[in-house]
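For reference, each letter of the sequence shown is one residue, going 1 to 93 in the UniProt record's numbering. Where is the CB? At the ideal position from N, CA and C, for every residue including glycine. Written out below as structure tokens is the structure these notes cover.
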Amino acid sequence: MYFAYATIPGHLAYREPDMGSWFISSVFNVFCSKACTMDLQDMMRLVEKQVTERFLDDGSRQTATTSTVAWTKNCILTQDTSGSALWNPYNGV
């Protein structure tokens, strides 16, 4: 199992009124641009980096985090011939 959290326990997750949460915005942007070429863990590292680089006017920051249970393979999202995204646990292994 793969778990992704917008922030570490006990802390706030920030959101922009017009763009939504920093975490979900980063997940969307990274997955749209990297899903077919980068495995899930690398994409989530990039999401974590993007979220960590943002800050509020008062200097407040957010730290996204992930955890895994029995995660042993790379997971690369691919597209079938109709353009629909498919999960393929065997790519990149």
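If you draw a straight line from the C-alpha of residue 126 to the C-alpha of Asn-29, how long is it? Within the shown structure, residues of the chain are numbered from 1 to 93, placing residue 126 beyond reach of any answer.
Cα-Cα, which of Ala-6, Met-1 and Tyr-2 is closest to Lys-49? Within the sequence shown, residue 49 is the residue found at index 49, counting from 1. Here the closest residue by C-alpha is Ala-6.
Is the separation between the beta-carbon of Ser-26 and that of Val-47 shorter than 8 Å? Counting from one through the sequence shown, the residue named residue 26 turns up at place 26. Counting from one through the sequence shown, the residue named residue 47 turns up at place 47. It is a contact, given that the beta carbons lie within the stated cut-off.
Where Arg-54 and Lys-34 are concerned, what is the direct C-alpha to C-alpha distance, given to the nearest angstrom? On the sequence shown, position 54 is the one that residue 54 refers to. On the sequence shown, position 34 is the one that residue 34 refers to. The straight-line gap from Cα to Cα measures roughly 20 Å.
With Ser-60 as the anchor, note down where its beta strand (DSSP E) starts and where it stops. Along the sequence shown, read from residue 1 onward, the residue named residue 60 stands at position 60. Premise fails: Ser-60 is in no beta strand (DSSP E) and is neither H nor E.
Put Thr-72 into one of helix, strand or coil per three-state DSSP. Here residue 72 refers to the residue found at position 72 of the sequence shown. It is coil, neither helix nor strand.
Alpha carbon of Phe-31 to alpha carbon of Leu-77, nearest angstrom: Here residue 31 corresponds to residue number 31 of the sequence shown, with the count starting at 1. Here residue 77 corresponds to residue number 77 of the sequence shown, with the count starting at 1. Those two C-alpha atoms are separated by around 9 Å.
How is the beta strand (DSSP E) around Ala-4 delimited, first residue to last? Your numbering for residue 4 matches position 4 in the sequence shown. Unbroken beta strand (DSSP E) run through Ala-4: 2–5.
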